[in-house]
Amino acid sequence: MSEKIINLENIHKDYGGKVVLDNLNLYVRDKEFVTLLGPSGCGKTTTLRIIGGFETPSAGVVYFDGKKVNDVPPNKRPVNTVFQRYALFNHLNVFDNVAFGLRIQKKYSEGEIADRVNRMLKLVSLPDYGDRMSTELSGGEQQRVAIARALVNHPRVLLLDEPLAALDLKLRKEMQRELKAIQQEVGITFVFVTHDQEEALTMSDTIVVMNKGKIQQIGTPTDIYNEPKNAFVANFIGESNIVDGIMHQDKLVSFCGRQFDCLDGGFAPDEPVDVVVRPEDFEVVAPEQGQLVGTVKSVLFMGVHYEIMVETEHFTWTVHSINYADVGDRVGLFLTPDDIHIMHKS
Amino acid sequence: MIHNKPTRSGRLLTALTFIFLYAPILVLIIFSFNSTKSRTVWTGFTFDWYIKLFNNDAIMTALGTTLLVSALAAVIATIAGTFASVGLYAMKRRPRELLLQVNNIPVTNADIITGVSLCILFVFLGKFLGFELGFGTLLIAHVTFNIPYVILSVLPKLRQLDKNLFEAAQDLGCSWMQAFTKVILPEIWPGVTSGLLMAFTLSIDDFVISYFTAGSVETLSMRIYAMTKKRISPEINAISTLLFLVILALLIIINIREVQQEKKAAKKH
């Protein structure tokens, strides 16, 4: 494992009594792609701005390479930022936008600057765009210029504040792939903020799920998706069915009026729990073969699969299946132990 | 129902309005070229009054004062107003709205009230600090009434900026001052220059406030007023014509710039 480059310890932030970040502890390793994921108002952007130096924490310490940087202004930090609305300089052309940071440093000759800027424009697939004004570019092109403008300075860490939010779906997918490729090519740590769980899952090495100023779970995309720590994470990452259950003993849970084998343990005897089942984990079977039996209430065609709402005695389940079922059909639902995820009530 | 085609009566009304507005000025301009002092009978074309005008020391001195005070006041007010706008822009919404209302009071307030109150203030302070009404107080007065107009022209430009622009500059290594001079100022420059032109125009144009604050110093509009008190000479027509044309030219420049900026902004989206 590589060294920790950023370390946030016990970070607290409030605006006039309104708590935005509550005892946040987080570290970022060198060359890692970390995503801060959460609904709007969860504190993810504030966390990013604290790392960038645009906000100071009300309490707690920010470390960079082990050194405290709480009072270091943004222009003295080894980070660069890609802002949500790009924040390009409209009075400058593309070349001068990208060259801006290098020129401020006054360490490079114009020749070196031209070299680095052109290499960077090539990296973001905008060679020969140097003479254009930023106002003549499309959203996706502006986005690339913003990335080039930040990366050309070789920051230790690149901060990205919902950089793809303003792009249309197709372009967003394309940029996701490209961003990931760029990150691997330049080998710079990325801290990425988004509210889009799919984006987080496809791009990140590590995902930090946040809600109401608190970290809910930190883990790899696979961990977060397969082993959500609580109902919030389960619900926010992908779709989930969440029902009340009772954990009788290790590996035995009951919900919806019957007992199921599961893989979880470590709960108090007969502890009330949240039971989470992903829609795609159900197997739709004949009624007599199902552990749960219900009636199909609605069917939606989603492209790859159908989204089927199955009403059982205790709960209406969202089920994703590649097989069609008719509204009104009686169907059985079958679950294996690893389809069932048990969470402490929060 | 609003008709798109102008009706005959509508056209007539518009024509009448413009005649009422501009006929006096037109008469003034025509008679500035009249060869005798008559203000009723056309007796022949001449440039005499203009020549006389440029040989009139009192008028030339007043013109010099006006240009100097207008230029200085415009520059000072533009600098102060631009920084004030940056401050206002950075404020929270509520105090900003309040201050903007205060800023707008001098704009809508009667000039005579601004003039008299400044006069009283200057006389009062002058007694303690040992100065008299003169060029200094005139300049301060002009700066004072120009600043709100500069703010009104600069602040909207700031508001149009990407809210992260300043931070982006800092992020790329700028200190506060570098971020301002290298990024913010170039981006709001059209607003700053419009403010400067507006302030300059208003200063040249001003009579009432100057009258109360200039002491023994005389601006061009004050000179014209003084001339009307004695026997009216067609020189007044000539100087008024020139003043009118200068202000008209400045206003046209300001308007053309505004249209161009709107076109530019429209292209952006």
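Those protein sequence lines, which keep their order, are chains D and G.
Going by this note's numbering, the first sequence wraps up at 346, each residue one higher than the last.
Going by this note's numbering, the second sequence wraps up at 1269, each residue one higher than the last.
All C-beta atoms, glycine included, are put in the ideal place defined by N, C-alpha and C.
* In terms of residues, what are the limits of the alpha helix (DSSP H) holding G:His1142? -> Counting along the chain, the alpha helix (DSSP H) containing G:His1142 begins and ends at Phe1135 to Gln1160.
* Reduced DSSP category for G:Pro1024 - H, G, I as helix; E, B as strand; rest coil -> Helix.
* To do: Answer yes or no: do D:Val94 and D:Tyr129 have a C-beta to C-beta separation smaller than 9 Å?
  => Contact flag set, yes.
* Can you have a look at G:Arg1011 and say buried or exposed, based on whether 16 or more other CB atoms are within 10 angstroms of its CB? => By the C-beta density criterion, G:Arg1011 is exposed, having fewer than 16 other C-beta atoms within 10 angstroms.
* Asked: Do we get a CB-CB distance below 9 Å when we pair D:Arg149 with the residues of chain G?
  -> True, the Cβ-Cβ gap to chain G drops below 9 Å.
* Asked: Helix, strand or coil: which one does DSSP assign to D:Asp274?
  -> The answer is strand: DSSP assigns D:Asp274 an E or B state.
* Pick out whichever of G:Leu1098, G:Ala1023 and G:Val1027 has its Cα sitting closest to the Cα of G:Asn1237. => When the alpha-carbon of G:Asn1237 is set against those of G:Leu1098, G:Ala1023 and G:Val1027, the nearest one is in G:Val1027.
* Return helix, strand or coil for D:Phe89, following the three-state DSSP convention. => In this structure, DSSP gives D:Phe89 a state outside helix and strand, which the three-state scheme calls coil.
* Within chain G, the residues that D:Pro74 reaches when beta carbons sit closer than 8 Å -> Going along chain G in sequence order, the residues near D:Pro74 (Cβ under 8 Å) are Glu1167, Gln1170 and Asp1171.
* To do: Give the secondary structure of G:Phe1083 by DSSP, where H, G and I count as helix, E and B as strand, and everything else as coil.
  => For G:Phe1083, the three-state secondary structure derived from DSSP is helix.
* When we look at the beta-carbon of D:Asp281 and count the other beta-carbons within 10 Å, is it buried (16 or more) or exposed? -> Answer is buried; the Cβ neighbour count reaches 16.
* Quick one: residues in its chain with C-beta nearer than 7 Å to the C-beta of D:Val193, no 5 flanking neighbours on either side, listed in chain order? => Excluding five sequence positions before and after D:Val193, the CB atoms of its chain that fall closer than 7 Å to its own CB belong to Leu36, Lys44, Thr45, Leu48, Leu160, Asp161 and Glu162, given in chain order.
* Asked: Whole beta strand (DSSP E) runs in the stretch 44–99 of chain D with 3 or more residues, listed along the chain?
  -> Those beta strand (DSSP E) runs which fall completely within the stretch 44–99 of chain D and span 3+ residues are 59–64 and 79–82.
* To do: Classify D:Phe33 as helix, strand or coil using the three-state DSSP reduction.
  => Annotated three-state conformation of D:Phe33 is strand, per DSSP.
* G:Ser1175 versus chain C: which residues are under 7 Å apart at the beta carbon? -> As a matter of chain content, chain C is missing from the structure shown, whose protein chains are D and G.
* Please decide whether G:Gln1101 counts as near chain D, where near means a Cβ-Cβ distance under 9 Å. => No, G:Gln1101 lies away from the interface with chain D (no Cβ there is under 9 Å from its Cβ).
* Asked: Can you find a C-beta in chain G that's less than 9 Å from the C-beta of D:Phe301?
  -> Not one chain G Cβ lies under 9 Å of D:Phe301.
* Heavy atom of the ligand GTP within 8 Å of G:Gln1160 beta-carbon -> Of the ligands one can find in the structure shown there are none, so the ligand GTP has no counterpart to examine.
* **Buried versus exposed call for D:Ser40 [16 or more other C-beta atoms within 10 Å across all chains shown]** => By the beta-carbon neighbour count (other beta carbons within 10 angstroms, threshold 16), D:Ser40 is exposed.
* Distance, D:Gly60 Cα to D:Gln368 Cα -> The requested residue 368 of chain D is not part of the displayed model; chain D covers only 1 to 346.
* **Element boundaries [alpha helix (DSSP H), containing G:Ile1209]** => Val1208 to Thr1213 is the extent of the alpha helix (DSSP H) around G:Ile1209.
* What residue does the alpha helix (DSSP H) around G:Met1091 start on, and which one ends it? -> Here G:Met1091 belongs to no alpha helix (DSSP H), and DSSP marks it neither H nor E.
* Asked: So D:Asn323 packs on G:Asp1171, CB below 8 Å; how close in whole Å?
  -> The Cβ separation is near 52 Å, so there is no contact.
* Asked: Opposite D:Lys18 in the DSSP bridges: which residues?
  -> In DSSP, D:Lys18 forms a bridge with D:Tyr15.
* Asked: D:Ala87 CB to nearest chain G CB: under 9 Å?
  -> Output row for D:Ala87: interface = yes.
* Asked: Where does G:Gly1173 fall in DSSP's three states?
  -> Secondary structure of G:Gly1173 (DSSP, three-state): coil.
* Asked: Who are the neighbours of G:Val1183 on chain D, taking C-beta pairs under 7 Å?
  -> Neighbours of G:Val1183 on chain D, chain order: Phe89.
* What residues match up with D:Tyr27 in a beta bridge as DSSP calls it? -> Beta-bridge partners of D:Tyr27 (DSSP): D:Asn7.
* Asked: Is the Cβ of D:Thr194 closer than 9 Å to any Cβ of chain G?
  -> Look at D:Thr194: its C-beta is not under 9 Å from any C-beta on chain G.
* **G:Thr1213, buried or exposed, once every other Cβ within 10 Å from all chains shown has been counted against 16** => With 16 or more Cβ atoms within 10 Å of its Cβ, G:Thr1213 is classed as buried.
* Please confirm whether D:Val331 and D:Pro287 have their CB atoms less than 9 Å apart. => Contact annotation: D:Val331 and D:Pro287 have beta-carbon atoms nearer than 9 Å.
* For G:Lys1229, which of helix, strand or coil comes out of DSSP? -> Here G:Lys1229 sits in helix by DSSP.
* Answer with yes or no whether the minimum CB distance from G:Gln1178 to chain D is below 9 Å. => Taking Cβ atoms only, chain D reaches closer than 9 Å to G:Gln1178, which makes this a yes.
* Asked: In or out: D:Trp317 buried (at least 16 other Cβ within 10 Å) or exposed?
  -> Buried is the call here.
* To do: Output the distance between the C-alpha atoms of D:Lys122 and D:Glu141, rounded to the nearest integer angstrom.
  => The alpha-carbon atoms of D:Lys122 and D:Glu141 are separated by roughly 12 Å.
* Asked: In the stretch 90–104 of chain D, which residues sit with their C-beta less than 7 Å from some C-beta in chain G, listed in chain order?
  -> The stretch 90–104 of chain D vs chain G, Cβ under 7 Å: Asn90, His91, Phe100, Gly101 and Ile104.
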